[in-house]
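Working notes, beginning with the structure itself.
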Amino acid sequence: MDKLKIQRLKSTLAYLQSKQRELNKQNEVDMRTLESMIKYLKKDMVEQFNLSEYDIYIKNEIKNTDTFIRSVQNIIEHCTVL
């Protein structure tokens, strides 16, 4: 993955993390909107950055946002080292 893509992935991941924190702070009133946004964002990240090329199990991890975030962080670290 080139440096520009890694930077874009980092910023997208930071946005996902902020929405996840927001969801964790939310009360039950408006959670569905945030959950939908997070679900869409994760699917978009997998497709846009071809994350399944770097982690074959990433599509299974979409269901759990915290696990997904850790997997993307691992991908970023791995690609940055190379």
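In terms of full-length UniProt numbering, the sequence shown has 70 at position 70, counting the first letter as 1, and numbering is strictly consecutive.
Positions of the beta carbon are idealized from the N, C-alpha and C atoms, including for glycine.
Out of the options, which one is the CA nearest neighbour of residue i?
| i | options | result |
| --- | --- | --- |
| residue 18 | 66, 79 and 74 | 66 |
| residue 14 | 73, 49, 80 and 79 | 73 |
| residue 78 | 60, 59, 12 and 51 | 51 |
| residue 59 | 46, 69 and 70 | 46 |
Can you give me the Cβ contacts of residue i inside the same chain, cut-off strictly under 7 Å, excluding the 5 residues immediately before and after it?
| i | result |
| --- | --- |
| residue 23 | 31, 34, 35 and 38 |
| residue 26 | 34 |
Measure how close the beta-carbons of residue i and residue j come, nearest whole angstrom, since I'm counting them as under 8 Å.
| i | j | result |
| --- | --- | --- |
| residue 42 | residue 62 | 5 Å |
| residue 49 | residue 10 | Contact flag wrong, Cβ pair sits at about 11 Å. |
Keeping to the same chain, check which residues put their C-beta closer than 8 Å to that of residue i; ignore five residues upstream and five downstream.
| i | result |
| --- | --- |
| residue 54 | 1, 75, 78 and 79 |
| residue 81 | none |
For residue i, which residues of its own chain have a beta-carbon under 6 Å away from its beta-carbon, when the five flanking residues on both sides are left out?
| i | result |
| --- | --- |
| residue 20 | 65 |
| residue 16 | 41 |
| residue 12 | 45 |
Just verifying my parser: in three-state terms, what is the DSSP assignment at residue i?
| i | result |
| --- | --- |
| residue 6 | helix |
| residue 49 | coil |
| residue 76 | helix |
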